[in-house]
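**Q**
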Amino acid sequence: MGSRRMKTLILILLTGLVLVSCSRDTNLFITDEHLEEVWEAEFSEIGIFSSPRAADLNGDGIKDLIFGAGKDELLSTDYGVIALDGATGDTLWTLASRDQIFGSAGIMDITENGIPDIVIGGRAAVLYAINGRSGEILWEFLPETSFEEARDLGYYNFFNPQFIPDQDGDGLADILISNGGDVTISPDDPNRPAGKLMIISSGTGETIAEAIVPDGKETYMSVVVSKINEEDEDYTIIYGTGGETFGGGLYRTTISDVINEDLSNSIELASSERKGFIAPPVLIDLNQDGSLDIVVNAVEGKIIAINGHDNSLLWEQKIDNTEAYGSIAVGHFLDQERIDLFTTFSIGVWPVLLETEQLLINGDTGEVIKRDTLGIFQTATPVVADFNNDGYDEALISVNIGREQLSGPISYENMLVLNDFHNNQVYPINQLEPGANVASTPWIGDLDNNDKLDIVFVRMNDPVNIFAMKGFRMIRLKSDLVTAKEVRWGAYMGSRYSGIYK
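Residue numbering for the sequence shown follows this note's numbering, starting at 1 and increasing by one per position.
Shown next, in the form of C-alpha cells:
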C-alpha cells in the first residue's frame, strides 16, 4: 500500500485456523496429492511486496515470472526487479534499484521484437522500462535521482501501470500511472503531498502529461482505465485518494482530462472523511446493462458498487470494526449466471489490526453470503479459478498463522487455502511452513501450455517479523488436473493485470 506506516501494525493472533479434514472426494477437491512442487527459488537479505506477473521472456514457450523486490525503504538494492525462468526457477536477470520496488509489472512489447518488455515502479520515483529478454534498462524515470531530489520535484511512489492508446504519435501504447505518497511523513501529519495522474511515453519515458488530484489528497491507488461502454469516444479512469489516517475519495475522469492536465471535472463517486481509498477497484458489468460498473473497497471497511452508466450507487456494504487494504476477486462461485465478489478485510482500526475476515458478497445485492476468519493481517488479494472442473469457481488465498510460544515472540507460518463455496468447504492445499506473506498475491494459470493449472506464490523467510526484509522464497506448484475453463482472475488485478473483468 506504499507506506512504511503499516510496519507499526500490532499483529496479535486471537483464534486458530479451523479447516476441514483431508478425507475428501478427490473428484471435487484439489489436494496436495494433485500438486507437485516444480521449483523453489530463494533470495536472501531482501523482501517482496510485489505480486508476480507471467510472460515468456526467453522464447521457450513457457511463461516466466517477473516481480519487484528490495530492502527497507530508502535503501538501494541489487535486486530491485527479478525475472525467473518459469520452467526451472533459475534467475534470468536482475536489476538493481535505488529503492524498494513494491509495484507489480506491466507487460508490453515496447521494443517490438516479439518478446514482452516490462514496466514497473516503486518508491523514490523509481519507474523502469526493461528489455524483457536481457533485463537491460530501456529508460528510467528521473535516473540518478535521490529520494530527496525526486521529492523536491514533486514525485513519490509509482504504482501499477496501465497501457492506453498512443498519445505521442510513435505508434506505441503509452503508460497511465499514479504517483504519490511520502513515506517519511508521520501518520498524524496532515501536510501531505497531493497525488497525481501521469501519462508517460512508453517509447522514451518522457512525461506527456500530469495532473494533480482535485481534492489535494495523497494517493496510493493503482489506476484502472477502460471504456465503460464500447461506443464511448474517450476512456474512463478510476482513481482514489486518501490513506490510512486521512480521508479521500474515489473519482472518475478521462484520458482527455489528464492530457489537458486538469482533473477539476472529475466526478466523485464515493468519499470518506477519516479514511481513503487504497486498493485498486474492479470494473465489471454487475447489473448486465452493457456498461462496466465500479466495485471498490474503502479503507473504512466498506465495499461499494457504483453504476458505471450513471454513477449512481448500486449497493454498499459496511463491515463493522474492519478496514480494507486488499483488492477484490471476481467469480461465479455459487451461481453460474451471477457474478459474486470475494475479498479480505482486516479486523480492527489502524494501527491495531488483528485477524482478517474473508467475505463472499452477492454481486447483485451486496449481501454478505458468507464470512470467515482465517489468519492474521493480509493485504494480498484472492485469486480465482475452477480448480475442480465442476463449473463453479473457487478462490485461493494466502493465509498467515501465528503461534504463541511459551517464551519469546509469536512464530508465524503460511499456507495456501482454497475456498470452495459451491461445496461449502475450506481447506489447505499445501503444508504450513515457517514465514509469512503480507502483500504478494499468488499467480495461477497455465505457465507451460499443458491445460493444467500452475500456482506461483511467495513466503518470507523470517518466522518472527513478518515485515523483515530477510529473504523470501518463490515457489511453483503444478497440478495434474486439466482445467477446461479460462482463468480470468488469476493474479493481482486479474489475469490481464488491468482490474477489468470481461
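Positions of the beta carbon are idealized from the N, C-alpha and C atoms, including for glycine. Predicted model only: the values in this text are computed from it and were never measured.
Three or more beta-carbon pairs under 8 Å between the stretch 305-316 and the stretch 254-261, yes or no?
**A** With a cut-off of 8 Å on Cβ pairs, the stretch 305-316 is not in contact with the stretch 254-261, counting fewer than three such pairs.
**Q** For Lys196, is the classification buried or exposed, using 16 other Cβ atoms within 10 angstroms of its Cβ as the cut-off for buried?
**A** Translated into the one-based positions of the sequence shown, residue 196 becomes position 196. By the 10 Å Cβ count, Lys196 comes out buried.
**Q** Would you check if the distance between the CB atom of Gly47 and the CB atom of Ala324 is smaller than 9 Å?
**A** Residue 47 sits at position 47 when you count from the first residue of the sequence shown. Residue 324 sits at position 324 when you count from the first residue of the sequence shown. Result no, Cβ atoms of Gly47 and Ala324 do not sit closer than 9 Å.
**Q** Compute the Euclidean distance between the alpha carbons of Asp78 and Ala173, then round it to the nearest angstrom.
**A** Position 78 of the sequence shown, counting from 1, holds the residue named residue 78. Position 173 of the sequence shown, counting from 1, holds the residue named residue 173. Those two C-alpha atoms are separated by around 30 Å.
**Q** For Pro281, tell me which candidate among Val295, Arg371, Asn160 and Glu268 has the shortest Cα-Cα distance.
**A** The residue given as residue 281 occupies position 281 in the sequence shown. Considering only alpha carbons, the answer is Val295.
**Q** Just the C-alpha distance for Pro193 and Gly180, rounded to the nearest angstrom, thanks.
**A** Walking along the sequence shown from the start, residue 193 turns up at place 193. Walking along the sequence shown from the start, residue 180 turns up at place 180. In a straight line, the C-alpha of Pro193 is about 7 Å away from that of Gly180.
**Q** What separation, rounded to the nearest whole angstrom, lies between the Cα atoms of Asp152 and Gly171?
**A** For the purposes of this step, residue 152 is identified with residue 152 of the sequence shown, where counting begins at 1. For the purposes of this step, residue 171 is identified with residue 171 of the sequence shown, where counting begins at 1. In a straight line, the C-alpha of Asp152 is about 33 Å away from that of Gly171.
**Q** Would you kindly work out how many angstroms separate the C-alpha atoms of Ile306 and Asn58, rounded to a whole number?
**A** Within the sequence shown, residue 306 is the residue found at index 306, counting from 1. Within the sequence shown, residue 58 is the residue found at index 58, counting from 1. Each residue's Cα considered, the two are about 42 Å apart.
**Q** Name the DSSP bridge partner or partners of Ser398?
**A** Along the sequence shown, read from residue 1 onward, the residue named residue 398 stands at position 398. Per DSSP, Leu416.
**Q** Exposed or buried, Val482, counting other C-beta atoms within 10 Å across all chains shown (16 or more means buried)?
**A** Translated into the one-based positions of the sequence shown, residue 482 becomes position 482. Counting Cβ neighbours within 10 Å, Val482 comes out exposed, since fewer than 16 surround it.
**Q** I believe Glu355 touches Gly326 by the beta-carbon criterion, under 8 Å. Please report the beta-carbon distance rounded to the nearest angstrom.
**A** On the sequence shown, residue 355 is found 355 positions in, with the first residue counted as 1. On the sequence shown, residue 326 is found 326 positions in, with the first residue counted as 1. The Cβ separation is near 14 Å, so there is no contact.
**Q** Taking contact to mean at least 3 C-beta pairs separated by less than 8 Å, is the stretch 263-278 in contact with the stretch 357-374?
**A** no
**Q** Any chance you could list the beta strand (DSSP E) runs of at least 3 consecutive residues sitting entirely within the stretch 64-106, in chain order?
**A** 64-68, 77-84 and 91-97
**Q** Please classify Lys71: is it buried, with 16 or more other beta-carbons within 10 angstroms of its beta-carbon, or exposed?
**A** As a working note, residue 71 is residue 71 in the sequence shown. Buried, since its Cβ has 16 or more Cβ neighbours within 10 Å.
**Q** Flag this pair as yes or no: are the beta carbons of Asp299 and Phe342 separated by less than 9 Å?
**A** Taking the sequence shown and counting its residues from 1, one reaches residue 299 at position 299. Taking the sequence shown and counting its residues from 1, one reaches residue 342 at position 342. A small fix is needed here, since residue 299 is Val in this sequence, not Asp. With contacts defined as CB atoms closer than 9 Å, Val299 and Phe342 fail to qualify as a contacting pair.
**Q** How is Ser256 classed by DSSP in three states: helix, strand or coil?
**A** On the sequence shown, residue 256 is found 256 positions in, with the first residue counted as 1. Helix, per DSSP.
**Q** In terms of DSSP beta bridges, what is Val330 paired with?
**A** Residue mapping note: residue 330 aligns to position 330 of the sequence shown, counting from 1. Note: Val330 sits in a beta bridge opposite Leu341.
**Q** Output the boundary residues of the alpha helix (DSSP H) element that contains Arg151.
**A** Position 151 of the sequence shown, counted from the first residue, corresponds to residue 151. That run of the alpha helix (DSSP H) goes Phe147 to Asp152.
**Q** Where Pro442 and Thr88 are concerned, what is the direct C-alpha to C-alpha distance, given to the nearest angstrom?
**A** Numbered from 1 along the sequence shown, position 442 holds the residue referred to as residue 442. Numbered from 1 along the sequence shown, position 88 holds the residue referred to as residue 88. Answer to the nearest angstrom: the Cα atoms are 18 Å apart.
**Q** So Ala96 and Gly80 are in contact, right, with Cβ under 8 Å, and what is the actual spacing, rounded?
**A** The count along the sequence shown starts at 1 and reaches residue 96 at position 96. The count along the sequence shown starts at 1 and reaches residue 80 at position 80. Confirmed, about 6 Å.
**Q** Determine the direct distance from the alpha carbon of Ser398 to that of Ser346, and round the result to whole angstroms.
**A** For the purposes of this step, residue 346 is taken as the residue at position 346 of the sequence shown. For the purposes of this step, residue 398 is taken as the residue at position 398 of the sequence shown. When rounded, the distance between both Cα atoms is 14 Å.
**Q** Could you tell me the boundaries of the beta strand (DSSP E) in which Leu197 lies?
**A** Position 197 of the sequence shown, counted from the first residue, corresponds to residue 197. Lys196 to Ile200 is the extent of the beta strand (DSSP E) around Leu197.
**Q** DSSP on Glu140, reduced to helix/strand/coil?
**A** Counted from its first residue, the sequence shown places residue 140 at position 140. Here Glu140 sits in strand by DSSP.
**Q** Just the C-alpha distance for Phe568 and Gly391, rounded to the nearest angstrom, thanks.
**A** With the chain running from 1 to 502 in the structure shown, residue 568 is simply not present.
**Q** I need the DSSP call for Glu45, collapsed to helix, strand or coil.
**A** As a working mapping, residue 45 is identified with position 45 in the sequence shown. Correct three-state label for Glu45: coil.
**Q** Among all the DSSP beta bridges, which residues are the ones paired with Pro434?
**A** On the sequence shown, position 434 is the one that residue 434 refers to. Paired residue(s): Glu413.
**Q** Mark Ile267 as exposed unless 16 or more other C-beta atoms lie within 10 angstroms of its C-beta, in which case mark it buried.
**A** Working through the sequence shown from its first residue, we reach residue 267 at position 267. Burial call: exposed.
**Q** On the criterion of 16 or more Cβ atoms from any shown chain inside 10 Å, does Gln288 qualify as buried, or is it exposed?
**A** On the sequence shown, residue 288 is found 288 positions in, with the first residue counted as 1. Exposed, since its Cβ has fewer than 16 Cβ neighbours within 10 Å.
**Q** For the beta strand (DSSP E) that Phe457 lies in, which residues bound it at each end?
**A** Position 457 of the sequence shown, counted from the first residue, corresponds to residue 457. Counting along the chain, the beta strand (DSSP E) containing Phe457 begins and ends at Lys452 to Met460.
**Q** So for Glu210, helix, strand or coil by DSSP?
**A** Residue 210 sits at position 210 when you count from the first residue of the sequence shown. Residue state, collapsed to three classes: strand.
**Q** With a Cβ-Cβ cutoff of 9 Å, do Ile120 and Gly106 count as a contact?
**A** Position 120 of the sequence shown, counted from the start, is the residue given in the question as residue 120. Position 106 of the sequence shown, counted from the start, is the residue given in the question as residue 106. Contact annotation: Ile120 and Gly106 have beta-carbon atoms nearer than 9 Å.
**Q** The beta strand (DSSP E) spanning Val368 covers which residue range?
**A** Mapped onto the sequence shown, residue 368 falls at position 368. In the DSSP assignment, Val368 falls within the beta strand (DSSP E) that extends over Val368 to Asp372.
**Q** DSSP three-state label for Glu355, please.
**A** Counting from one through the sequence shown, the residue named residue 355 turns up at place 355. It is a strand residue.
**Q** Quick one, which of Glu136, Glu140 and Ser134 has its alpha-carbon nearest Tyr128's?
**A** In the sequence shown, residue 128 corresponds to position 128, counting from 1. Among Glu136, Glu140 and Ser134, the Cα nearest to that of Tyr128 belongs to Glu140.
**Q** Taking the DSSP output, what are the residues bridged to Met108?
**A** In the sequence shown, residue 108 corresponds to position 108, counting from 1. Per DSSP, Asp117.
**Q** In terms of residues, what are the limits of the beta strand (DSSP E) holding Met221?
**A** Numbered from its first residue, the sequence shown carries residue 221 at position 221. Per DSSP, Met221 belongs to no beta strand (DSSP E) and is neither H nor E.
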